[in-house]
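S.K.:
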Amino acid sequence: MSTINAKKTTPTINDIAKLTGVSKTTVSRYLNGRYGKMSAETRAKITQAITETGYHVNRQAQAITKKQTFVIGVIVADVENIFSSMLFKGADAVFENQQYQLMLMNSDNSIARERSQIERLLSLRVDGLILQPMSKRAADYQILLDNHVPTVMVDRQVDQLNWPMVVTDNYHYSKLLVDYMIRLRYQKVIVVSEAVDDNTARQSRYHAVQDSCEKQGIPFELIEIDSTISDEKLYTQLVAATDDLQLKAAVYALKGTLLMRIVHILSTYSVEVPQSLGLAAFDDWDWATLTTPQITTIQQNPQLMGQRAAEVLLTTLSEPDTTPTTVQVPSEFIVRQSLI
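Numbering-wise (the UniProt record's numbering), the sequence shown opens with residue 1 and increments by one.
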C-alpha cells in the first residue's frame, strides 16, 4: 500500500482510492454502506486505509448536495432498561463506521410519547429510524410510510410486515424453557408478567407456555402486574398459586426486571429456590450467575440485535426497494440450578 504525500494535511477520497488501488466509485459505495458485490478483501483494505489516514467524510457538504442529514433516530421503550441500552450500543457501533450520528429517544413505555418523538424526528428530517415499537398495530405507524422514512422495527413485531423487523424467536425459546420444566415434573407453571396483550414479545412467550402446558395437561397461571403492586401482594399471589408452596411449581418471569424483583421478594420471605419454588426467566442480564442458586434463563443478545437492525437499515437506505423481511437473532437457553 502506498503512502499519502506528506504535504497534504487532509486525506481525500482520491487518496483512499490510490492507497487501496480501487476506484473512487468503490470507495464512495463503501462510505455509504453499499457493500453489494464488494469483496471482503476490498472492504478490509478500505477500512485499513481510512483508519491509517484518519480520513473523515464531509457530511455537511454531502447533506447539502444530497439533501441528507446523516442522522438516524433510535426510539427505545425504556432507556433505563439495560436491554435497550445494549440495543443502542450495537446500532451505534455500526453507524459510527458509516459516519452517521444517532439520536436516542426514550418512549418511556408510552404510545403517546412515542408518537410525539416520531413526529419530532420527522421534523428533523432524519435519514432513517430504528424503533422498538410500543404498539403491535402497523396502522399506528402509518406516518412512517406516508413520509417515506426507512425504518426497522426491533425486538417487537407489528401485525403487518411493512418494515424490516429484527427480533428474537420468543415462542421457540420460551417453549424450550417450559418443556424443560415439564420434563423436571413441575406440577404447575406460574407466569409473572406485565400486561401480556400490550407487547408482542410477551404474547409469544406466554403462548408457548399455553401450548406446552395444555399439550401435557399441566396447569398454568398468569399473574399480570404493574408498577403499583406491592411486594407483599405479589408474594401473596405466588403463595396462593402454589397452594402455600406445597405444590411443586415453577415461576417463569417474562422479563429480566421482574426476575430481579421476584428474587428480592423470595429472599425477603425466606423462600428457598429451588427447594420450595422453581424459578426461571426470559432476559438474562448476566447477573443471574451472581445469585445463589444461579438462575436458569433464556439469554438474549440485544447488542447483536442492535447491530443487525443497523445493518438492515443501511441496506434499506441504499436499496429502498428491498422487500421487508424478518431477521431472527439467536438467543441461548442456559440451564443453571434454580430448577430441579
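Just so it is clear, CB atoms sit at the ideal spot from N, CA and C, and this is done for glycine as well.
(1) Return the CA-CA distance between glycine 217 and tyrosine 186, expressed in angstroms with no decimal places.
(2) If you compare alpha carbons, which of Leu245, Pro302, Ala49, His264 is closest to threonine 292?
(3) With distances taken Cα to Cα, identify the nearest neighbour of alanine 309 among Ser135, Val335, Ala288, Ile130.
(4) Taking the alpha-carbon positions, what's the asparagine 147 to leucine 122 distance?
(5) What are the boundary residues of the alpha helix (DSSP H) that includes asparagine 14?
(6) Of the choices Leu176, Thr53, Val192, Ala208, whose alpha-carbon is the least far from that of aspartate 231?
(7) With DSSP collapsed to three states, give me the class of serine 204.
(8) Taking the DSSP output, what are the residues bridged to valine 74?
(9) Asparagine 109 and valine 76 look like a contact to me (Cβ under 8 Å); what is the Cβ gap, rounded to whole Å?
(10) Spatial neighbours of isoleucine 64 within its chain, please: CB distance less than 7 Å, with the 5 preceding and 5 following residues excluded, ordered by chain position.
(11) To the nearest angstrom, how far is it from the Cα of threonine 42 to the Cα of methionine 181?
(12) Grab me the residues of leucine 245's own chain with a C-beta within less than 8 Å of its C-beta, minus the 5 sequence neighbours each way, in chain order.
(13) Please report the Cβ distance between serine 331 and glutamine 299, rounded to the nearest whole angstrom; I am assuming they are in contact, meaning their Cβ atoms lie under 8 Å.
(14) Starting from the N-terminal side, write out each stretch of the beta strand (DSSP E) that is 3 residues or longer and does not extend beyond the segment 165-200.
(15) Please state the DSSP three-state secondary structure of asparagine 304.
(16) Throw me the rounded Cβ distance for the valine 327 and valine 74 pair, which I believe falls under 8 Å.
(17) Please determine, among Asp78, Val71, Ile111, the residue with the shortest C-alpha to C-alpha distance to glutamate 96.
(18) Under three-state DSSP, which class holds residue 341?
(19) Going by beta carbon distance, what residues of the same chain come within less than 6 Å of glutamine 337, once the five residues before and after it are set aside?
M.R.: Let's see:
(1) Along the sequence shown, one-based indexing puts residue 217 at 217. Along the sequence shown, one-based indexing puts residue 186 at 186. Distance between the alpha carbons of glycine 217 and tyrosine 186: 11 Å.
(2) Here residue 292 refers to the residue found at position 292 of the sequence shown. Comparing Cα positions, the closest option is His264.
(3) The residue you call residue 309 lines up with position 309 of the sequence shown. Ranking the options by Cα distance to alanine 309, first place goes to Ile130.
(4) Walking along the sequence shown from the start, residue 147 turns up at place 147. Walking along the sequence shown from the start, residue 122 turns up at place 122. Their Cα atoms are separated by approximately 8 Å.
(5) Locating residue 14 in the sequence shown gives position 14, where the first residue counts as 1. Asparagine 14 -> alpha helix (DSSP H) spans 13-20.
(6) As a first step, residue 231 is located in the sequence shown; it is residue number 231 there, counting from the start. Selected option, being the one with the closest Cα: Val192.
(7) Here residue 204 refers to the residue found at position 204 when the sequence shown is read from its first residue. Correct three-state label for serine 204: helix.
(8) Here residue 74 is taken as the residue at index 74 of the sequence shown, counted from 1. Leu104, Ile130.
(9) Indexing the sequence shown from 1 puts residue 109 at position 109. Indexing the sequence shown from 1 puts residue 76 at position 76. About 10 Å separates the two Cβ atoms, so there is no contact after all.
(10) If you number the sequence shown from 1, residue 64 lands on position 64. In this prediction, isoleucine 64 has a pLDDT of 47, which is less than 50 and means its spatial position is unreliable; what the coordinates show is noted afterwards. Contacts found: none.
(11) Mapped onto the sequence shown, residue 42 falls at position 42. Mapped onto the sequence shown, residue 181 falls at position 181. One C-alpha to the other measures close to 50 Å.
(12) Here residue 245 refers to the residue found at position 245 of the sequence shown. Val239, Val271, Ser276, Leu277, listed in sequence order.
(13) As a position in the sequence shown, residue 331 is number 331, starting the count at 1. As a position in the sequence shown, residue 299 is number 299, starting the count at 1. Sure, about 6 Å apart at Cβ, within 8 Å.
(14) 165-167, 188-193
(15) As a first step, residue 304 is located in the sequence shown; it is residue number 304 there, counting from the start. Asparagine is not the amino acid found at residue 304; the sequence shown has leucine there. The answer is helix: DSSP assigns leucine 304 an H, G or I state.
(16) As a working mapping, residue 327 is identified with position 327 in the sequence shown. As a working mapping, residue 74 is identified with position 74 in the sequence shown. With a Cβ gap of about 17 Å, valine 327 and valine 74 do not count as contacting.
(17) As a first step, residue 96 must be located in the sequence shown, where it is residue number 96. Out of Asp78, Val71, Ile111, Val71 has the C-alpha closest to the C-alpha of glutamate 96.
(18) Nothing can be reported for residue 341: it is not among the residues displayed for the chain, which extend from 1 to 340.
(19) For this step, residue 337 is matched to residue 337 along the sequence shown. Result list for glutamine 337: Pro293, Gln294, in chain order.
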